[in-house]
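The next block holds one structure in the form of structure tokens; read it before the comments.
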Amino acid sequence: MILQELIEMSNRLAESGNFVILGEGNTSANLDADRFYVKVSGTQLLGATEESFVLVDRGKMLEMLDRESVSDDEVAKGLLDAVCDGSGRKPSVETMFHAYLLSLPDVNFVAHTHPTAVNTILCSTRAEELVRGRLFPDEIVCCGPEPVFIHYEDPGHLLARKIAAGCESYMEKWGSAPRSILMQNHGLVVLGKTAAQVEAASQMWHKTAQILIGATLLGGANYLSEENARRIGSRRDEKEREKVIFGDK
Ligand SMILES: [Zn+2]
């Protein structure tokens, strides 16, 4: 069931053409408190099947994440050691950040993609400044009150540690797990309780990025005030709308 939802979410994101091409991106989902499915290294999200995912021990990945420095060889060995379905298939090199994000409260699904519109912003010299504010209510409902922004880092162990540090600061400020992470010169990560939530937030980031690019070309983005943005995040009717959009399992 969980694996089927993960397969369907991955295919829909890939089929839209806005998020990934070739072997880009990776997705994951919790099977239970100790194990999660994650994309096999080098496989494509487009046309993903059961064979495209491997079952991984979360504790082993988190142990590796805790270490301050790990060599490339140790990462490669650690990834294979953490596989717990006996398949011997190699999980994506990004599996460490999936393990961390799937350990956060109310997070069961994660999608990491390289969306063209989002990366247009993240590959620009103004990336950090442009994504600082919120633009419209549905963006906040789907993508959260603010994204975690991560400066460029080498994918793998170092990037996973930077993501963990960024999420810890976010949780101190907001009291809950982030919905989205923007990685400079790299891409988008969306996390959520359900596959529908993750898919919706990914789509909404695609739309937000297009609007932000357009508004910037038209003289500059008119960001919502922090007060208005916070209010939308806490409004009861918006919370109800969120439930209707995403379902609440
Ligand atoms: Zn990536």
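Heads up: the sequence shown begins at 13 in the working numbering, then just goes up one per residue.
Built from N, CA and C at the ideal position, the CB exists for glycine as well.
What three-state label does DSSP hand residue i in the structure shown?
i: S99; result: coil
i: V32; result: coil
i: Y49; result: strand
i: S237; result: coil
i: S192; result: strand
i: G204; result: strand
i: V210; result: helix
i: G54; result: coil
i: V87; result: helix
i: L1; result: Only positions 13 to 261 of the chain appear in this structure, which leaves residue 1 out of reach.
i: G187; result: coil
i: M216; result: helix
i: L43; result: coil
i: G178; result: helix
i: A60; result: coil
i: G245; result: helix
i: M73; result: helix
i: M13; result: coil
Just to confirm my understanding: we take residue i, look at its own chain, exclude 5 residues before and 5 after, and list those with CB closer than 8 Å. What are they?
i: A227; result: L147, A233, N234
i: L34; result: Q56
i: G71; result: D46
i: E211; result: M21, R24, L25, A123
i: L224; result: I133, L142, V143, L147, A233
i: G168; result: D84, V87, V105, E106, M108
Identify, in the order they occur along the chain, each residue of the same chain with its Cβ nearer than 7 Å to the Cβ of residue i, setting aside the five sequence neighbours on each side.
i: D118; result: A189, K205
i: R242; result: P157
i: M216; result: D150, E151, C154, C155
i: A213; result: C154, C155, R191, S192, V202, G204
i: S99; result: V66
Is residue i near ligand 2 - that is, is its Cβ less than 8 Å away from at least one heavy atom of it?
i: G199; result: For the structure depicted, ligand 2 is absent and the ligand set comprises only ligand 1.
For ligand 1, any of its heavy atoms closer than 8 Å to the Cβ of residue i?
i: E165; result: no
i: G289; result: Within the shown structure, residues of the chain are numbered from 13 to 261, placing residue 289 beyond reach of any answer.
i: H124; result: yes
i: E141; result: no
i: E238; result: no
i: E211; result: no
i: E274; result: What is shown of the chain runs 13 to 261, which leaves residue 274 out entirely.
Have a look at the DSSP bridge pairing and note the partners of residue i.
i: K94; result: Checking the displayed sequence, the identity of residue 94 turns out to be Ala instead of Lys. In DSSP, A94 forms no bridge with anything.
i: N38; result: H124
i: G199; result: M195
i: L230; result: Answer is none; L230 lacks a bridge partner.
i: V82; result: Bridge partners of V82: none, in fact.
i: I162; result: M195
Could you pull out every residue in the same chain whose Cβ sits closer than 6 Å to the Cβ of residue i, ignoring the five residues on either side in sequence?
i: H110; result: S40, V50, V122
i: V201; result: H124, I193
i: N38; result: K51, S104, E106, H124
i: A94; result: V68, D69, K72, M73
i: G178; result: V160, I162
i: G245; result: I152, P157
i: G54; result: G35
So, does the CB of residue i fall closer than 9 Å to a CB anywhere in chain D?
i: N38; result: The structure shown has no chain D; it contains just one protein chain.
Practice problem: Quick one: which unbroken alpha helix (DSSP H) runs of 4-plus residues sit fully inside the region 99-152? Chain order, please. | Solution: Fully enclosed alpha helix (DSSP H) runs of no fewer than 4 residues occupy 107-113, 128-134, 139-142 of the region 99-152, in order along the chain.
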